[in-house]
Amino acid sequence: MKNTAVILALVAGLAAGTAACGSSDGTKATKGARTVEIEMHDLAYQPADVKVKAGETVRFVFHNQGKITHDAFLGDESAQMDHEREMNMSGMHHKSGDGITVAPGKTGELTHTFKTAQSVLVGCHQSGHYAAGMKLTVDVT
Ligand SMILES: [Cu+2]
Numbered sequence: 042m043k044n045t046a047v048i049l050a051l052v053a054g055l056a057a058g059t060a061a062c063g064s065s066d067g068t069k070a071t072k073g074a075r076t077v078e079i080e081m082h083d084l085a086y087q088p089a090d091v092k093v094k095a096g097e098t099v100r101f102v103f104h105n106q107g108k109i110t111h112d113a114f115l116g117d118e119s120a121q122m123d124h125e126r127e128m129n130m131s132g133m134h135h136k137s138g139d140g141i142t143v144a145p146g147k148t149g150e151l152t153h154t155f156k157t158a159q160s161v162l163v164g165c166h167q168s169g170h171y172a173a174g175m176k177l178t179v180d181v182t
């Protein structure tokens, strides 16, 4: 649970600059960030794993190629489980966290600096998607 607290603290800092909920067109350029393009399909991300270096800032650009809305929520496994529970309880609301919602045919961005070597996940928390395996692994080394 300690990790979760750290991630939530990081996320709170990031969220200060952008709308936390449903910001699907973040246009802020981030200096020095590497861009990683991810396609969202119905119940899968493509690619399903991304490798980054500790200390690196990555700008993920999600292209929703599916027919339904998808989310991208960044956090470790316990943050994913917490978020999954939140989404089930409160419907569509992202209560907290580093997440975006992308409508079909749209593009959304998520920029994050990976400070420590660890494995984190990006998960979709639209109803049933995470359980169906809609997640991607970010390996920080
Ligand atoms: Cu989804």
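Each number in the numbering used here comes from the position in the sequence shown (counting from 1) with 41 added on.
Backbone N, C-alpha and C fix where the C-beta goes; we use that ideal spot for every residue, glycine too.
Just so it is clear, the structure is predicted and the values come from calculations on it, not from any experiment.
- Contact between L115 and V163 holds: their C-beta atoms lie close to 5 Å from each other, under 8 Å.
- Straight through space, the alpha carbons of A113 and P88 are spaced by roughly 13 Å.
- A straight line joining the alpha-carbon of H124 with that of S160 spans about 17 Å.
- Here T152 is buried: its Cβ has 16 or more other Cβ atoms, across all protein chains shown, within 10 Å.
- Taking C-beta atoms as the reference points, T110 and V77 fail to come closer than 8 Å.
- Shortest Cα-Cα distance from G149 to any of D90, E80 and V93 involves E80.
- At a cut-off of 7 Å, the beta-carbon of Q121 does not count as near ligand 1: no heavy atom of the ligand is closer than that.
- Counting the other Cβ atoms within 10 Å of the Cβ of D90 gives fewer than 16, which makes it exposed.
- According to DSSP, M81 shares a beta bridge with Y86 and N105.
- DSSP lists D180 as the beta-bridge partner residues of K92.
- Residue environment for K94: exposed (fewer than 16 other C-beta atoms within 10 angstroms of its C-beta).
- Using a 10 angstroms sphere on the CB of K92, the tally of other CB atoms stays under 16, which defines it as exposed.
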